[in-house]
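Notes for the one structure printed next.
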């Protein structure tokens with residue numbers, strides 16, 4: 063048993079093909095697993111119940127609000143927030159266990175490294191290995207209310223767990239890839255519009271997309287991942303363009 067207890071929180075909707083892998087990866091390190099489902103019509107809830115009795119079905123008001131609902135139910139010292147399409151690998155699990163067994167833990171939150179799994183194979187470059195904040199003290203932490211790309215808020219600096227990965231199985235197939243590209247672009251456009259952000263026109267949206275491609279494919283060495291690296295760079299560049307083109311379209315609609 064770890065000196066500091068751990069709650070794992072997961073939000074779900076129609077994740078029957080991925081939720082078992084996700085929850086299986088944390089059962090041996092979690093003191094409790096909390097799942098918040100927003101109306102799955104498949105077997106997600108049934109499968110999740112095999113791992114926890116702390117399962118709640120609610121409406122959907124956005125990622126930030128849903129994760130805060132899950133956080134509100136957590137009772138342990140620390141919280142690990144992961145998505146249903148993610149998996150804690152064995153090395154990361156060991157590092158989390160080692161950290162939470164310390165008498166004094168330096169930071170209030172920790173980033174973990176991400177590894178994208180694209181069509182069954184991991185990518186090593188591009189946006190893989192960027193760190194995201196997922197492990198944090200429960201007391202004093204909260205999620206913002208963002209509808210998408212939510213952030214956990216806390217006091218102090220963030221540490222980094224440098225060993226192990228959070229494997230990210232984001233893409234089921236090419237159709238699902240295009241669906242997510244469109245969905246997140248629309249949501250981010252709406253988020254930026256609500257905050258009063260400006261698109262500065264379609265030409266700049268094109269330029270932003272090109273810059274994104276160069277960043278991922280060239281500067282972050284995405285080309286070393288072969289066809290998967292090229293596909294990911296193109297798709298993410300397209301997402302960037304769609305996001306700002308969507309913002310521009312909302313600006314035009316507001317003027318009518």
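Residue numbers (our numbering): 63 to 318.
Glycine is no exception: its CB is placed at the ideal position from the N, C-alpha and C atoms.
Everything numeric in this text was worked out from a predicted model, so none of it was measured.
{"Asked": "Starting from the C-beta of residue 70, find all residues in its chain whose C-beta is less than 6 Å away, skip the five residues before and the five after it, and write them out in chain order.", "Found": "88, 92, 95 and 142"}
{"Asked": "List the DSSP bridge partners of residue 99.", "Found": "74 and 119"}
{"Asked": "Report the residue from 161, 224 and 211 whose alpha carbon sits nearest the alpha carbon of residue 175.", "Found": "224"}
{"Asked": "Out of 80, 299, 168 and 72, state which residue places its alpha-carbon closest to the alpha-carbon of residue 128.", "Found": "72"}
{"Asked": "Strictly by DSSP, which residues pair up with residue 194?", "Found": "174"}
{"Asked": "Taking all protein chains shown into account, do 16 or more other C-beta atoms lie within 10 angstroms of the C-beta of residue 98, making it buried, or fewer, making it exposed?", "Found": "buried"}
{"Asked": "Going straight from the alpha carbon of residue 154 to that of residue 227, what length do you get?", "Found": "6 Å"}
{"Asked": "Per DSSP, residue 296 forms a beta bridge with which residues?", "Found": "Its beta-bridge partners do not exist; DSSP assigns none."}
{"Asked": "Go to residue 38, then tell me how far its beta strand (DSSP E) extends in each direction, as first and last residue.", "Found": "Any property of residue 38 remains undetermined from this structure, which presents the chain solely from 63 to 318."}
{"Asked": "Work out the CA separation of residue 187 and residue 86 for me, nearest whole Å.", "Found": "27 Å"}
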